[in-house]
Amino acid sequence: MINFTTEQLNRYSRHILLQDVGVEGQVKLCRARVLVVGAGGLGSPAALYLAAAGVGTIGIVDNDQVDISNLQRQIVHGTKDIGRSKVESAAEAMRAINPDVEVRPLATMLCADNIMEIIKDYDFVLDGCDNFPTKFLVNDACVMAGIPFSHGGILRFDGQTMTVIPGESACYRCVFRQPPPPDSVPTCSQAGVLGAIAGMLGTIQTAEALKYITGSGRLLTDTLLSFDARNMDFRKVSLRRQEDCPVCGAHPTITELTDAEQTVCALK
Amino acid sequence: MEITVNGVVQSIAAAEPDLLSVLKSNKIEDPQMVAVQLNGQFIESSQYAETILSEGDVVEFLYFMGGGSR
Ligand SMILES: [Zn+2]
Numbered sequence: 015m016i017n018f019t020t021e022q023l024n025r026y027s028r029h030i031l032l033q034d035v036g037v038e039g040q041v042k043l044c045r046a047r048v049l050v051v052g053a054g055g056l057g058s059p060a061a062l063y064l065a066a067a068g069v070g071t072i073g074i075v076d077n078d079q080v081d082i083s084n085l086q087r088q089i090v091h092g093t094k095d096i097g098r099s100k101v102e103s104a105a106e107a108m109r110a111i112n113p114d115v116e117v118r119p120l121a122t123m124l125c126a127d128n129i130m131e132i133i134k135d136y137d138f139v140l141d142g143c144d145n146f147p148t149k150f151l152v153n154d155a156c157v158m159a160g161i162p163f164s165h166g167g168i169l170r171f172d173g174q175t176m177t178v179i180p181g182e183s184a185c186y187r188c189v190f191r192q193p194p195p196p197d198s199v200p201t202c203s204q205a206g207v208l209g210a211i212a213g214m215l216g217t218i219q220t221a222e223a224l225k226y227i228t229g230s231g232r233l234l235t236d237t238l239l240s241f242d243a244r245n246m247d248f249r250k251v252s253l254r255r256q257e258d259c260p261v262c263g264a265h266p267t268i269t270e271l272t273d274a275e276q277t278v279c280a281l282k
Numbered sequence: 003m004e005i006t007v008n009g010v011v012q013s014i015a016a017a018e019p020d021l022l023s024v025l026k027s028n029k030i031e032d033p034q035m036v037a038v039q040l041n042g043q044f045i046e047s048s049q050y051a052e053t054i055l056s057e058g059d060v061v062e063f064l065y066f067m068g069g070g071s072r
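Top to bottom, those sequences are chains D and U.
First residue of the first sequence: 15, per this note's numbering; consecutive thereafter.
First residue of the second sequence: 3, per this note's numbering; consecutive thereafter.
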């Protein structure tokens, strides 16, 4: 059992007051290890709230530098950080919020060769990356390693998320078999995104991570939650594991990781 | 006849509408942009044109959404 200091009891008092979290739940949070994929629109609120929540170890992986066009939504970075490594900038902000947490900035691009080695140290993965090859790679690697994760995607005024418990609930490939053809689906950098949408979805994903760690509530497993913020319509669509899923089905055809054609590692 | 598309009831004029035409009438020009569930079952994109809908069917278009970081 962790013996909280008076300062920690004060810091986490609003968690401790929650019946579903309590001291026990806070201990779990302080011992938990979460990996955030991408220090961008979704990763920003996730990194800040995970640090504020006292999650013991937080890895954050991104190979990009802060650009002025990021600041409209990537709230972990500031104007002074333009040109800096995103993970270093994020790590500084996270440590400033909560010096108790161990932040591991990983300035690299996830790819088939390194993802297993990176995710194995974590209890939960929060996917906030910006491209389909990486989303499928995160899904496949987490399913193979048995590590729960949250999928998230945003575009314009829309967001979608699902939580995957490998071996128990539907995975991303149970829904979307393979990445869409390049350029058939626009990205945020092509089609735009309302800044606060990133906050809305990133905090939903973070709440899922905190719920998973503390064992509270019901997760978005076997469920795709999507919203259209133009009218603030939220919808849940029920999913189930597919027998013939190429990665989590009865006879998987994807048994090792490969980088998709738009080679992930080569992406800028 | 009436079907439910993404939670909203729609009236369809055609007697035997196929899934592909319903996709098109819902402004989904490229069928590869979505995964489609019919009454809770996923339908392969190669089957859209051959899948005939009936009264009361529930269709869900699940959009690819890849944004997050940049
Ligand atoms: Zn699956």
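Using N, Cα and C, we set each Cβ at its ideal position, and we do this for glycine too.
**Item:** Limits of the unbroken beta strand (DSSP E) element including D:Leu140
**Value:** For D:Leu140, the enclosing beta strand (DSSP E) stretches over residues 138-141.
**Asked** Which residues in chain D sit within 7 Å of U:Leu64, going by Cβ to Cβ distance?
**Response** Close partners of U:Leu64 in chain D (Cβ separation under 7 Å): Val189, Leu238, Val251.
**Asked** Between the segment 88-98 of chain D and the segment 171-183 of chain D, do at least 3 Cβ pairs fall closer than 8 Å?
**Response** No, the segment 88-98 of chain D does not touch the segment 171-183 of chain D.
**Request:** Have a look at D:Ser164 and D:Arg244 and give me their C-alpha separation to the nearest angstrom.
**Result:** So the two alpha carbons sit approximately 24 Å from each other.
**Request:** Identify the contact partners of U:Gln34 in chain D, using a Cβ-Cβ distance below 8 Å as the criterion.
**Result:** The contact set of U:Gln34 on chain D, defined by CB atoms closer than 8 Å, consists of Pro194, Pro195, Ser198 in chain order.
**Asked** Exposed or buried, what is D:Ile16 when buried is set at 16 or more other beta-carbons lying within 10 Å of its beta-carbon?
**Response** Classification of D:Ile16: exposed, given that the 10 Å Cβ count is below 16.
**Prompt:** Can you tell me where the beta strand (DSSP E) with D:Arg249 in it begins and where it stops?
**Reply:** Counting along the chain, the beta strand (DSSP E) containing D:Arg249 begins and ends at 247-252.
**Request:** Using 10 angstroms around the beta-carbon of D:Ala210, count the other beta-carbons present and answer buried if the total reaches 16, otherwise exposed.
**Result:** Counting C-beta atoms within 10 angstroms of its own C-beta, D:Ala210 has fewer than 16 neighbours from the protein chains shown and is therefore classed as exposed.
**Prompt:** When every heavy atom of ligand 1 is checked, does at least one fall within less than 6 Å of the C-beta of D:Arg254?
**Reply:** For ligand 1, not one heavy atom lies less than 6 Å from the Cβ of D:Arg254.
**Item:** Beta-bridge partners of U:Ala37, as assigned by DSSP
**Value:** DSSP lists U:Leu64 as partners of U:Ala37.
**Prompt:** Hey, does U:Met9 have any beta-carbon neighbour from chain D nearer than 7 Å?
**Reply:** Residue identity differs from the one stated: residue 9 of chain U is Gly in this sequence, not Met. Chain D contact via Cβ: present.
**Item:** Sequence-distant residues of the same chain with beta carbon closer than 6 Å to D:Gly213, five excluded per side
**Value:** Sequence-distant partners of D:Gly213 (beyond 5 residues in either direction) whose C-beta falls short of 6 Å from its own C-beta, in its chain, are Pro59.
**Item:** Any non-hydrogen atom of ligand 1 closer than 6 Å to D:Cys7 Cβ
**Value:** The requested residue 7 of chain D does not occur in the structure, where chain D is confined to residues 15 to 282.
**Prompt:** Given a threshold of 16 other Cβ atoms within 10 Å of its Cβ, counted over all protein chains shown, does D:Arg265 qualify as buried or as exposed?
**Reply:** For clarity, residue 265 of chain D is His in the given sequence; the question names Arg instead. The C-beta of D:His265 has fewer than 16 other C-beta atoms within 10 Å across all chains shown, which makes the residue exposed.
**Item:** Span separating the alpha-carbon of D:Lys134 from that of D:Ala155
**Value:** A straight-line Cα-Cα distance of about 10 Å links D:Lys134 and D:Ala155.
**Item:** C-alpha distance - D:Gly166 paired with U:Gly68, whole-angstrom precision
**Value:** Across the structure, D:Gly166 and U:Gly68 are spaced so that their CA atoms are roughly 8 Å apart.
**Message:** Taking CB distances under 7 Å as the criterion, tell me whether D:Asn145 reaches chain U.
**Reply:** At least one chain U Cβ lies under 7 Å of D:Asn145.
**Item:** Endpoints, alpha helix (DSSP H) assigned at D:Val117
**Value:** Unbroken run through D:Val117 is the beta strand (DSSP E), 116-120; no alpha helix (DSSP H).
**Asked** Is it a yes or a no for the segment 46-64 of chain D touching the segment 214-222 of chain D, going by three-plus beta-carbon pairs under 8 Å?
**Response** Short answer: they touch.
**Request:** Please name the residue in U:Met3, U:Glu46, U:Ser23, U:Val11 whose C-alpha comes closest to that of D:Arg191.
**Result:** Among U:Met3, U:Glu46, U:Ser23, U:Val11, the Cα nearest to that of D:Arg191 belongs to U:Glu46.
**Request:** May I ask you to verify whether the segment 39-56 of chain D touches the segment 69-78 of chain D, counting CB pairs closer than 8 Å and requiring at least 3?
**Result:** Cβ pair count under 8 Å is three or more, so yes.
**Request:** Mind checking the segment 33-59 of chain U against chain D and listing, in chain order, the residues whose C-beta falls within less than 8 Å of any C-beta there?
**Result:** Gln34, Met35, Ala37, Gln39, Gly42, Phe44: these are the residues of the segment 33-59 of chain U whose beta carbon lies less than 8 Å from some beta carbon of chain D, given in chain order.
**Under 7 Å from the C-beta of D:Leu169: neighbouring residues of chain U** = Result: Met67, Gly69.
**Prompt:** Would the beta-carbon of D:Val80 fall within 7 Å of that of D:Ala107?
**Reply:** It is not a contact, given that the beta carbons lie outside the stated cut-off.
**Secondary structure of D:Leu224, DSSP reduced to three states** = Helix, per DSSP.
**Prompt:** If you measure from the CB of D:Cys143, is any heavy atom of ligand 1 nearer than 6 Å?
**Reply:** No.
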